[in-house]
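Take a look at the structure set out below.
Numbering (full-length UniProt numbering), first residue to last: 1 to 330.
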């Protein structure tokens with residue numbers, strides 16, 4: 001055996017053993033092995049049908065919703081500003097959020113080969129070079145749409161690109177530590193999008209209450225990102241990605257996620273109380289109470305129920321965002 005094959009064998013054998021000990025089936029391990037070969041294969045490959053899955057449309061909703069919350073919080077007429085609202089939600093979701101997902105899939109391709117070998121890059125449907133072409137196309141289009149809203153919005157979009165790279169790429173690669181990575185995503189998906197919506201309509205400094213709510217719900221989104229990490233525990237352990245579930249264990253991570261989301265909503269209710277918006281305060285309280293029994297189910301079985309809670313419990317959280325936005329309108 002020559003020197004060039006020895007390191008590869010040394011690397012592959014422990015990985016194969018780790019996958020076996022993780023309880024992964026033989027067929028799944030074969031799929032992962034093929035995916036690991038695909039992620040760094042040279043050449044340019046792109047299947048048109050794989051482009052949309054690469055951009056993960058399911059992730060677009062939070063920043064689009066946060067942008068809309070920022071618009072609503074200003075009290076300005078939606079019908080008079082429908083064009084800005086439309087361009088803003090397209091910028092926040094199908095452009096900037098999609099860009100962050102394609103960038104993340106490039107940098108995460110070896111982890112995804114273990115956790116999600118069916119993803120476009122690990123499955124070989126899109127090469128890593130083609131994924132960069134898609135990413136840069138989204139960035140350029142996003143900048144043009146942002147500029148059409150306001151030059152400052154383009155500057156904010158540029159900051160969003162930097163945040164995406166800081167989360168996924170070197171040298172920072174903040175996602176390697178769940179405390180920092182989840183914070184960056186929460187700020188980008190909720191806070192920056194919310195404040196951009198507020199600025200896009202008024203083209204002025206957002207109100208103190210709007211800034212406070214944007215920050216509060218950004219911090220609460222840290223919990224949502226923690227729940228999202230449960231699906232990647234096996235690959236994160238193997239690739240030494242220190243997500244919150246890896247660091248704390250599944251049950252403690254679920255408790256933390258629920259607590260962070262609840263505290264954010266309680267803080268938002270405090271602002272509604274300060275504003276004297278009693279009707280919105282009551283609705284926010286009902287939404288929070290409705291989440292508590294769902295959180296008990298989550299904590300009892302975090303790995304199996306994290307996706308379920310992200311679909312249903314988190315929906316109530318994002319509804320409370322709009323309730324708060326309506327409650328602080330001038």
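The beta carbon of each residue, even a glycine, is placed where N, CA and C say it ideally should be.
Count the other CB atoms within 10 Å of the CB of residue i; is the residue buried (16 or more) or exposed (fewer)?
{"i": "residue 58", "result": "exposed"}
{"i": "residue 249", "result": "exposed"}
{"i": "residue 209", "result": "buried"}
{"i": "residue 301", "result": "exposed"}
{"i": "residue 320", "result": "buried"}
{"i": "residue 7", "result": "Per-residue confidence for residue 7 stands at a pLDDT of 38, beneath the threshold of 50, marking its modelled position as unreliable; no derived number is given."}
{"i": "residue 127", "result": "buried"}
{"i": "residue 118", "result": "exposed"}
{"i": "residue 288", "result": "buried"}
{"i": "residue 105", "result": "buried"}
{"i": "residue 199", "result": "buried"}
{"i": "residue 49", "result": "exposed"}
{"i": "residue 60", "result": "buried"}
Is the distance from the Cβ of residue i to the Cβ of residue j below 7 Å?
{"i": "residue 142", "j": "residue 95", "result": "yes"}
{"i": "residue 205", "j": "residue 74", "result": "no"}
{"i": "residue 191", "j": "residue 148", "result": "no"}
{"i": "residue 85", "j": "residue 72", "result": "no"}
{"i": "residue 54", "j": "residue 122", "result": "no"}
{"i": "residue 216", "j": "residue 264", "result": "yes"}
{"i": "residue 66", "j": "residue 146", "result": "no"}
{"i": "residue 213", "j": "residue 268", "result": "yes"}
{"i": "residue 138", "j": "residue 98", "result": "yes"}
{"i": "residue 229", "j": "residue 243", "result": "yes"}
{"i": "residue 186", "j": "residue 221", "result": "yes"}
Note down, in chain order, each residue of its chain lying with its Cβ closer than 8 Å to the Cβ of residue i, except the 5 sequence neighbours on either side.
{"i": "residue 280", "result": "272, 323, 324, 326, 327"}
{"i": "residue 333", "result": "Residue numbering for the chain in the displayed model covers 1 to 330; residue 333 lies beyond these limits and cannot be assessed."}
{"i": "residue 188", "result": "63, 100, 160, 163, 164, 167"}
{"i": "residue 39", "result": "109, 110, 112, 113, 121, 122, 128"}
{"i": "residue 284", "result": "265, 268, 269, 272, 320, 323, 324, 327"}
{"i": "residue 306", "result": "227, 228, 230, 231, 254, 298"}
{"i": "residue 176", "result": "240, 241, 242"}
{"i": "residue 76", "result": "201, 202"}
{"i": "residue 5", "result": "Because the pLDDT of residue 5 is 38, which lies under 50, any placement of that residue in the model is unreliable, and the question is left without a value."}
Give me the residue from the options with the minimum Cα distance to residue i.
{"i": "residue 103", "options": "173, 43, 85", "result": "173"}
{"i": "residue 64", "options": "276, 88, 312", "result": "88"}
{"i": "residue 238", "options": "67, 37, 110, 99", "result": "110"}
{"i": "residue 169", "options": "101, 115, 319", "result": "101"}
{"i": "residue 93", "options": "302, 157, 278", "result": "157"}
{"i": "residue 296", "options": "268, 254, 276, 261", "result": "254"}
{"i": "residue 108", "options": "91, 90, 86, 131", "result": "131"}
{"i": "residue 311", "options": "291, 300, 329", "result": "291"}
{"i": "residue 299", "options": "270, 259, 319", "result": "259"}
{"i": "residue 240", "options": "84, 178, 29, 330", "result": "178"}
{"i": "residue 330", "options": "316, 275, 285, 304", "result": "275"}
{"i": "residue 41", "options": "129, 81, 48", "result": "129"}
{"i": "residue 293", "options": "278, 262, 267", "result": "262"}
{"i": "residue 124", "options": "69, 31, 270, 91", "result": "31"}
{"i": "residue 151", "options": "18, 203, 136", "result": "203"}
{"i": "residue 51", "options": "175, 251, 304, 135", "result": "135"}
{"i": "residue 286", "options": "28, 309, 317, 68", "result": "317"}
{"i": "residue 24", "options": "116, 144, 309, 77", "result": "116"}
{"i": "residue 197", "options": "180, 278, 91", "result": "91"}
Since residue i sits in a beta bridge, which residues does DSSP pair it with?
{"i": "residue 46", "result": "126"}
{"i": "residue 177", "result": "242"}
For residue i, which residues from the same chain have a beta carbon less than 7 Å from its beta carbon, with the 5 sequence-adjacent residues on both sides left out?
{"i": "residue 246", "result": "233, 236, 237"}
{"i": "residue 10", "result": "In this prediction, residue 10 scores a pLDDT of 39, lower than 50, which makes its location untrustworthy; no coordinate-derived value is stated."}
{"i": "residue 251", "result": "299, 302"}
Who are the Cβ neighbours of residue i in its own chain at under 6 Å, not counting the five residues just before and after it?
{"i": "residue 224", "result": "314"}
{"i": "residue 257", "result": "223, 226, 227"}
{"i": "residue 36", "result": "113"}
{"i": "residue 46", "result": "126, 130"}
{"i": "residue 78", "result": "none"}
{"i": "residue 44", "result": "127, 129, 130"}
{"i": "residue 277", "result": "327"}
{"i": "residue 56", "result": "101"}
Would you say the beta carbon of residue i is closer than 6 Å to some non-hydrogen atom of the ligand HEM?
{"i": "residue 25", "result": "The ligand HEM is not part of the structure shown, which contains no ligands of any sort."}
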